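J.:
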DNA sequence: GCCCTGTCTTGACGTCCGTCTAACCAGAGA
DNA sequence: TCTCTGGTTAGACGGACGTCAAGACAGGGC
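Residue numbers (the UniProt record's numbering), protein chains in the order written: chain F, 1 to 127; chain W, 1 to 127.
1. Between the region 81-90 of chain F and the region 71-91 of chain W, can you find at least three pairs of beta-carbon atoms closer than 8 Å?
2. Do the region 41-58 of chain W and the region 54-71 of chain F meet, that is, are 3 or more Cβ pairs less than 8 Å apart?
3. May I ask which residues mark the beginning and end of the alpha helix (DSSP H) holding residue 119(W)?
4. Based on Cα-Cα distance, which residue from 75(F), 88(F) and 47(F) lies nearest to residue 31(W)?
5. Rounded to the nearest angstrom, what separates residue 27(W) and residue 91(W) at their Cα positions?
6. Let me check one thing: in DSSP terms, what residues is residue 97(F) bridge-paired to?
7. Counting only Cβ pairs nearer than 7 Å, list the residues of chain W close to residue 92(F).
8. For residue 111(W), which option in 113(F), 117(F) and 111(F) has the closest C-alpha, if you only look at C-alpha atoms?
9. List the endpoints of the continuous beta strand (DSSP E) containing residue 62(W).
10. Are residue 62(W) and residue 104(W) touching if we call contact CB-CB under 9 Å?
11. Around the Cβ of residue 70(W), are there at least 16 other Cβ atoms within 10 angstroms (buried) or fewer (exposed)?
12. Who are the Cβ neighbours of residue 101(W) in its own chain at under 8 Å, not counting the five residues just before and after it?
13. Report the three-state DSSP secondary structure of residue 105(F) (helix, strand or coil).
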C-alpha cells in the first residue's frame with residue numbers, strides 16, 4: 001500500500017455518506033467490488049429480499065423472528081439461516097431481548113448500495 | 001390470484017420510473033422479490049460487479065469484450081459466462097458489430113434497484 | 001475460397017447455496 | 001429445579017454456481 005492515492009481503502013459500510021461514486025460514473029475497483037458484492041449476493045435471494053424489507057420497514061425499526069418466520073412456507077431453521085446470511089453481510093443486526101430475538105436494519109450499508117447503483121435521474125444527456 | 005388490487009403485477013425493469021416503493025418503506029411482495037432478486041444476485045459477484053461498472057461507465061456508453069477480458073485474470077469463456085449472466089438478468093444488452101461484441105448498460109433496471117434500496121438521506125429522526 | 005482472429009457455446013468438475021431434520025441452547029414460568 | 005417455548009447450530013442432501021479446456025461459429029483480409 002505505498003500508493004499516495006488511496007481514497008477508499010477503508011470501506012465503512014455503516015457510514016452515512018457514500019463510500020464510492022456511482023457504478024456508472026467510475027469503474028469500481030476490485031477491492032470495493034469484493035466488499036460490496038457479498039451484500040448484493042445476500043439480497044440476491046427472494047426470501048432474503050423479503051426478510052430485509054420486512055425488517056427495514058418494520059414499525060419500530062425492528063422485527064421479531066416470531067413475526068418473520070410465519071410469513072414464509074419455510075421451516076424455522078431455514079429462516080434463521082437466511083437471517084444469519086443477512087447478518088454476516090452486514091445488512092442487519094440482531095439482539096436478544098428476553099425470549100425473543102429482534103432484527104434491525106442497518107441503513108448505512110443500504111445507502112452505500114443505493115449510491116453505487118444510482119444513475120442520472122433522466123436519460124437526457126446521453127451521448 | 002383474484003385480487004382486485006394488483007398494482008405491480010407487471011414489473012417493467014426498463015421503465016425510467018421506479019416500479020416499487022423503497023424496500024424500507026413498504027414490505028416487498030413475493031412477486032416483486034422474485035423478479036428483482038436475480039438482478040441483485042447477478043451483481044453479487046465481484047467480477048460481475050466490476051464488469052457492470054466498466055460497461056456502465058464506458059466512454060461511449062458501451063464496452064467491447066476485447067477491453068473487458070484483459071482486465072481480469074480469467075479466461076475468455078469465463079468472462080463471457082459472466083456477461084451472459086448479466087444479460088439474462090436484464091442488466092446489460094449485447095450487440096455484435098463486425099468482429100467484436102459490444103455491451104451496453106440498461107439504466108432502467110439500475111434505477112429500479114437503486115430506488116428499492118433508497119432510504120432517507122439522513123439519520124435524524126432515529127430513536 | 002481459405003485462413004486467421006476473436007467470441008461464444010458445450011461439457012465437465014469442484015465448490016457453494018438453499019433446504020430439511022434432529023439436536024442443542026437460552027429464558028420464562030410454575 | 002423442571003419444563004415449556006422460541007431460536008440457533010450441526011449435519012446431510014440435491015441443485016445451482018464459478019471456472020476451465022476444447023470445440024464451434026462469425027467476420028475480415030488475402
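Backbone N, C-alpha and C define an ideal beta-carbon position, used for all residues, glycine too.
Quantities reported herein were computed from a predicted structural model and do not represent experimental measurements.
T.: Let me lay it out:
1. no
2. no
3. Element bounds for residue 119(W): n/a, residue is neither H nor E.
4. 47(F)
5. 24 Å
6. 100(F)
7. In chain order: nothing, as chain W lies at least about 12 Å away.
8. 117(F)
9. 62-64
10. yes
11. exposed
12. 64, 65, 94 and 95
13. strand
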